[in-house]
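> Heads up: the sequence lines are chains A and B, in that order.
The first sequence lines up with residues 1 to 269 when you count with this note's numbering.
The second sequence lines up with residues 1001 to 1266 when you count with this note's numbering.
Ideal Cβ placement from N, Cα and C applies to all residues, glycine included.
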Amino acid sequence: MKSGQRWLLLGCAAPAAAFFLMFWLLPVLRLLALPADKGWSTYFAVLTDSRYLQSMLNTVLLSLGVTLATLVLGGAVGVYLARRDFVAKRVLLSLLTLPLSFPGVIVGFFVILLGGRQGLVADLSDALVGKRITFAYGLLGLFLAYLYFSLPRAIATYAAAAESMNLQLEEAARSLGASRLRVVRDVWLPELAPTTLACGAILFATSMGAFGTAFTLASKFEVIPITIYNEFTNYANFALAASLSIALGVVTWLVLFLARHFGASPAVR
Amino acid sequence: MRTHTTTRAPFLFAVTAIVSFFMISPMLLSVMAGLVNNYSVGLKSGLTTRWFGEVWEVYGGTVGWSLALALVCVACTIVLGVPCAYALARSRSRAARIFEELLTLPVAVPGLATALALILAYGQITAFRQSFAFILVGHIVFTLPFMVRTVASAFQRHDLVALEEAARTLGASFRQRFMGILVPAVFPAIVAGSLMVFTLSVGEFNLTWMLHTPLTRTLPVGLADSYASMRLEVGSAYTLVFFIVILPVLWGLQSLAHLLQKRHGT
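1) In three-state DSSP terms, what is A/Val223?
2) 8 Å is my cut-off, CB to CB: does A/Ala156 come that close to chain B?
3) Over what stretch of residues does the alpha helix (DSSP H) that includes A/Trp40 continue unbroken?
4) Using the three-state DSSP reduction, which class does B/Leu1035 fall into: helix, strand or coil?
5) Quick one: list the residues of chain A neighbouring B/Tyr1086, beta-carbon separation under 9 Å, in chain order.
6) Between A/Ile246 and A/Glu171, what straight-line distance do the alpha-carbon atoms span, to the nearest angstrom?
7) Please name the residue, chosen from A/Arg51, A/Ser55, A/Leu9, A/Tyr80, that lies closest to A/Ala160 on a Cα-to-Cα basis.
8) Going residue by residue through the segment 104-167 of chain A, where are the continuous alpha helix (DSSP H) segments of at least 4 residues, counting only ones entirely within it?
9) Quick one: is the Cβ of B/Leu1211 within less than 7 Å of any heavy atom of the ligand ZN?
10) Please state whether DSSP places B/Thr1003 in a helix, a strand or coil.
11) Could you tell me which residues DSSP pairs with B/Leu1296 in its beta bridges?
12) To the nearest angstrom, report how far apart B/Val1015 and B/Val1137 are at their CA atoms.
13) Could you check if B/Thr1169 is buried or exposed, using at least 16 other CB atoms within 10 Å of its CB as the buried criterion?
14) Taking 8 Å as the threshold (beta carbon to beta carbon), is B/Gly1203 in contact with chain A?
15) How far does the alpha helix (DSSP H) with B/Ile1286 in it extend, from its first residue to its last?
16) Just the chain B side, please: which residues come within less than 8 Å of A/Arg30 by C-beta, in chain order?
17) Are the C-beta atoms of A/Ile133 and some chain B residue less than 8 Å apart?
18) Does the distance from the CB of A/Ser125 to the CB of A/Arg117 come in under 8 Å?
19) Taking a contact to mean a Cβ-Cβ separation below 8 Å, would you say B/Thr1142 touches B/Thr1114 in this structure?
20) Would you call B/Gly1060 buried or exposed, if buried means 16 or more other Cβ atoms sit within 10 Å of its Cβ?
21) Would the beta-carbon of B/Tyr1227 fall within 8 Å of that of A/Phe109?
22) Excluding five sequence neighbours on each side, which residues of the same chain lie with their C-beta closer than 7 Å to the C-beta of A/Glu163?
23) Count the other CB atoms within 10 Å of the CB of B/Ser1255; is the residue buried (16 or more) or exposed (fewer)?
24) From which residue to which residue does the alpha helix (DSSP H) around B/His1139 run?
25) Using alpha carbons as the reference points, say which of B/Trp1251, B/Phe1099, B/Met1196, B/Val1241 lies closest to A/Ala18.
26) How about B/Leu1067 and B/Val1249: do their beta carbons lie closer than 8 Å?
27) Does B/Thr1150 come within less than 8 Å of chain A when only Cβ atoms are used?
28) Could you tell me which residues DSSP pairs with B/Thr1213 in its beta bridges?
29) With a Cβ-Cβ cutoff of 8 Å, do A/Gly270 and B/Pro1145 count as a contact?
30) Quick one: is A/Leu96 near chain B, going by C-beta distance under 8 Å?
31) Say whether chain A places a C-beta atom closer than 8 Å to the C-beta of B/Met1001.
32) Quick one: residues in its chain with C-beta nearer than 7 Å to the C-beta of A/Ala198, no 5 flanking neighbours on either side, listed in chain order?
33) From what residue to what residue does the alpha helix (DSSP H) around B/Glu1164 run?
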């Protein structure tokens, strides 16, 4: 490359680079350095303090559960919608993917409408068995809320992937007498595997960092974004909030990195 | 459209029906709740627009600010992102790959962490901290990778490389090439990126909640505020405001983008 061209490209990238350096990289480097002021052990607070460890485990397990449930349900709906043709299918698909543009707080509020103290389920259960059942603020409420904002992405991704699936393989399997379950296991799953890996990683990462939803539900079931928020706002414990943010960032980044790494290798395809 | 007429799928149908019910009923429920007099009594208590009025009085300003912020964010990501996308698409150096990787980190790292970093670094500068620029900066950092990636992959097209080369041998300056050939050629990608940035910015909460001050509130921040402190009816009416104002804007932009892509797409 000629040096003139190199300077030109550098000049093109410079404004974005300067902005990024000033408003993300330097602040984040400072965030990374912050826990050191309080001693190196602050970095490992998430592992050494049982309360934070519990919160982290809660978050990871919840995100994992939500991701698996979303992949199964979203996969089923996506494949079904890609295969079937019926009136108003486009409308249904756009309604199902609409929540992609909702802020997380709206999703949390939906769950309160369903399962809160004045929620639909509470009213129904009061009328039926005389007891007001509320689930919005516990594990079930969080699970449903996370499921709600995860499903649209999975449905959109699987619907697109299933459109381009190779139907001949399936026809061949069927004509050779394969059962429906075997077709799913031996044809669908391998064909959808790359999609599943990529989509699953994004769903997991989004669930790990979902702050708005958990914040609205102000949950009894503590997840790590809420722990960070409390440490920062209520206790002004900046070093600890930084350390927990680093832990959260590392977990999400690692999952995305691994998915990309394995997604690129031919072994998975 | 491929269809399977030979096989029925009762199981998939059932799952689809249940999931659709789960996804759509809360939307209907919240629309209904925002329009009734008393949510716990239900439709029998009569319909009203009273809650709307209350929401508009307290939070009306957030609607305009959210839309303005998203528009400015789109403009900034275009100005910063499009030249950067060109540089990343044309450079094969190691430094460019590392920079690209770094630039996408704010998407992978939870917004809460980015917001904390910004507050710790610039929270002391009061005038900046108390203005909408503080939120804007957070939104740009978060949305810039989406613009850069979308546009960079358009810049990488082989015919475009050849076209630019041809223009250069004919003596066109970089400015002429960039504005006359490159930008028109990747215009559909810029539109698609802008739409993505706009949508992300309008709905952004994770960063915004940490970065906002009582005087700088966006729609999602106002939503969280109203959910925490007021009645279900008010929260629902506010959610309805989101549906009525934001979704038509998004749909309008989407069809506009579709139109532009059809006209200018290759």
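Checking against the coordinates, here is how it stands:
1) coil
2) no
3) Run containing A/Trp40: none; DSSP gives neither H nor E here.
4) B/Leu1035: coil per DSSP, three-state reduction.
5) Those within 9 Å of B/Tyr1086 in chain A are Leu9, Cys12, Ala13.
6) 49 Å
7) A/Tyr80
8) 104-115, 120-129, 139-163
9) With respect to small molecules bound, the structure shown includes none, and the ligand ZN cannot be examined in it.
10) Any answer about B/Thr1003 is weak, because its pLDDT of 46 lies below 50 and its placement is not dependable; what the coordinates show is given next. Coil.
11) Residue 1296 of chain B cannot be examined here, being either before or after the span of chain B that is shown, 1001 to 1266.
12) Roughly 42 Å separates the two Cα atoms.
13) With fewer than 16 other Cβ atoms within 10 Å, it is exposed.
14) yes
15) Residue 1286 of chain B is absent from the structure shown; chain B starts at 1001 and stops at 1266.
16) Correct list: Ala1117, Leu1120, Ala1121.
17) no
18) no
19) Checking the sequence, you will find Phe at residue 1142 of chain B rather than Thr. The answer is yes: Cβ separation under 8 Å.
20) exposed
21) yes
22) Ala82
23) exposed
24) 1132-1155
25) B/Phe1099
26) yes
27) no
28) B/Thr1216
29) Residue coverage of chain A in this structure runs from 1 to 269, which leaves residue 270 of chain A outside it and unanswerable.
30) yes
31) Residue placement at B/Met1001 cannot be trusted, given a pLDDT of 43 that sits under 50; what the coordinates show is reported in the next sentence. Output row for B/Met1001: interface = yes.
32) Ala259, Gly263
33) Following the DSSP letters along the chain, one finds B/Glu1164 inside the alpha helix (DSSP H) bounded by residues 1158-1169.
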